[in-house]
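In what follows, a structure is listed as structure tokens, so that the remarks can point back to it.
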Amino acid sequence: MAEAKKIGVVGATFLVAGNMMGSGVFLLPSSLAKIGTASIWGWLITTAGALLLAFVFAKLGKLAPKAGGPYAYARDWFGPYMGFQTNTIYWFANWIGNVAIPIAAVGYFSYFFPILSEPLVRCIAVLVLVWALSFANVIGPAFVSRVQTVTTSFALVPILGIAIFGWFFFDADIFKGAYNVSGESNFGAISSAAALTLWAFIGVESASVTAGVVENPEKNVARATLAGVFLAAIAYIASSSVIMGMVPNGELQTSDAPFALAAAKAVGGWGGALVSLCAFIGAAGSLGGWILLTAQSAKAASDDGLFPSIFSKTNKDDVPVKGVLIVAVLMTLAVLVTSTSETASAQFDVITSAAVVLTLLPYIYSCVACYFVVERSHTLVHTGAFWTLTSLTVVYCLWAIYGSSGTIVQYAFLFVLFITVFYPFFSEERRQQRQRAREASAISVGAQRS
């Protein structure tokens with residue numbers, strides 16, 4: 005690309021921030037209300053952790069750019085099994101996390117149709133969205149991608165609008181009155197908040213993909229990544245804080261549309277309706293792109309021999325149709341399993357907690373890989389400094405796992421152990437050994453016949 009058409013560090017910064025501030029945070033204020041305003045400390049700690057993660061991935065992208073991200077780093081530095089494990093975990097985390105998007109969309113549409121707050125009706129509506137956008141991908145993925153580009157801007161309206169204008173309606177007494185309502189110690193409450201708020205920053209590792217369109221990417225990608233995370237964090241913290249000072253805690257905990265509820269309290273029903281409509285359009289529009297992206301990641305792994313071959317099969321438009329449909333089926337199962345949750349925010353909590361826990365393990369592998377990459381290309385002093393930074397990042401990731409639901413962590417651990425039994429079917433070394441054995445057998449049979 006010509007230098008004149010590339011974007012500078014400021015443009016890249018806003019690109020990173022805009023990509024992160026999507027539909028995934030629409031229900032977080034309700035989730036965090038169950039903890040209280042102490043969750044703001046969780047936001048601050050998570051921001052520091054996200055900045056560390058952003059620094060790690062920016063460094064990896066500069067010194068050892070790899071297609072495949074965390075999967076590639078685990079494969080190169082820990083061997084093929086860890087590559088297989090990381091890819092499988094990462095893919096599961098992606099489609100599980102995708103379920104949070106239609107849940108948020110339906111939650112906000114319930115502002116217009118309260119019956120959507122009923123668990124059964126909400127479940128049906130979420131499934132309709134999942135399958136409608138899955139089939140849209142099969143029919144015309146290019147159109148879905150163009151729609152997502154437009155609708156993403158709608159997702160920013162509630163977040164930025166509340167973060168900027170909500171302060172005119174902020175009530176300090178409401179904010180102070182619900183510091184820690186979780187029933188846990190302050191440390192436990194903040195730990196839980198840190199695990200929840202990390203959801204807003206999941207995907208920080210993808211920022212380096214903009215390198216090809218950024219001026220002087222060796223310097224500007226890292227700067228834009230860190231600055232973009234920082235700007236997104238300001239918007240997150242500001243919007244969460246102001247909502248907790250606008251809406252009483254008990255009301256906020258049970259809301260399926262917290263940003264709309266805050267807007268309605270500020271300017272009346274029209275404000276709530278506008279925010280709900282923007283949130284619904286932004287979330288629904290982004291879902292199609294994420295479904296296709298998840299199917300494409302499975303296709304890439306299948307092409308590498310690390311996933312079943314069915315995921316590699318495409319139609320004439322190069323769309324992995326079977327992969328898209330498999331993702332839709334799995335998302336359907338996740339929706340059904342969590343459909344007994346009383347509110348959309350409760351269902352959202354379960355989904356995002358599972359996605360975060362599964363994502364953290366690949367992040368930890370990438371942090372350790374970063375140390376090896378830096379050691380290979382830097383002096384001893386630099387290596388020591390990066391060891392400290394990567395160690396702090398690993399500690400943060402472990403703390404986020406600690407703050408997650410104990411049941412979800414247990415299931416995640418069992419899942420990691422369970423997928424081990426499938427590795428022999430995707431081991432390149434095993435395939436080569438079997439191929440050599442077949443060739444040797446054929447030679448032996450031929451020799452006996454002659």
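If you want the numbering used here, it's the 1-based position in the sequence shown plus 4.
For every residue, glycine included, the Cβ atom is placed at its ideal position computed from N, Cα and C.
All values reported here derive from a predicted model rather than from experimental measurement.
Excluding five sequence neighbours on each side, which residues of the same chain lie with their C-beta closer than 6 Å to the C-beta of Ser409?
Ser357
Looking only at C-alpha atoms, which of Tyr85, Ala332 and Ala42 sits nearest to Lys180?
Ala42
Does Ile194 come out as helix, strand or coil in the three-state DSSP assignment?
helix
So, helix, strand or coil for Ile368, using DSSP?
helix
Could you say if the stretch 316-329 and the stretch 235-244 meet the contact criterion of at least three C-beta pairs nearer than 8 Å?
no
What residues in its chain sit with their C-beta under 7 Å from that of Gln300, if we drop five residues either side in the sequence?
Pro324
Less than 7 Å between the C-beta atoms of Asn102 and Leu310, yes or no?
Their beta carbons are not under 7 Å apart, which means Asn102 does not touch Leu310 by this criterion.
Please report whether the beta-carbon of Phe117 lies at a distance below 7 Å from any beta-carbon of chain D.
The structure shown contains no chain D, having only a single protein chain.
Trp99 - containing alpha helix (DSSP H), residue span:
Taken as a continuous stretch (DSSP letters only), the alpha helix (DSSP H) holding Trp99 covers Pro84 to Asn102.
Secondary structure of Ile11, DSSP reduced to three states
strand
Best match in Ala270, Phe191 and Phe430 for proximity to Gly407 [C-alpha to C-alpha]
For Gly407, the nearest C-alpha among the options comes from Phe191.
With DSSP as the reference, label Trp219 as helix, strand or coil.
A quick correction: the sequence has Glu, not Trp, at residue 219. Three-state DSSP puts Glu219 in coil, outside helix and strand.
Assigned exposure category for Val425 - 16 Cβ within 10 Å defines buried
exposed
When the Cα atoms are used, what is the spatial distance from Leu265 to Met250?
9 Å
I need the straight-line Cα distance from Phe352 to Thr344, nearest angstrom please.
12 Å
Ala332 beta carbon less than 7 Å from that of Ser138:
yes
What is the DSSP secondary structure of Val251, counted as helix, strand or coil?
coil
Taking all protein chains shown into account, do 16 or more other C-beta atoms lie within 10 angstroms of the C-beta of Thr392, making it buried, or fewer, making it exposed?
exposed
Kindly indicate the opening and closing residues of the alpha helix (DSSP H) around Ala182.
Following the DSSP letters along the chain, one finds Ala182 in no alpha helix (DSSP H), marked with neither H nor E.
Can Val151 and Gly289 be called in contact, C-beta distance under 7 Å?
yes
Counting beta carbon pairs with one atom in the stretch 73-84 and one in the stretch 266-277, are three or more of them shorter than 8 Å?
no
Local conformation of Phe173 per DSSP, three classes
helix
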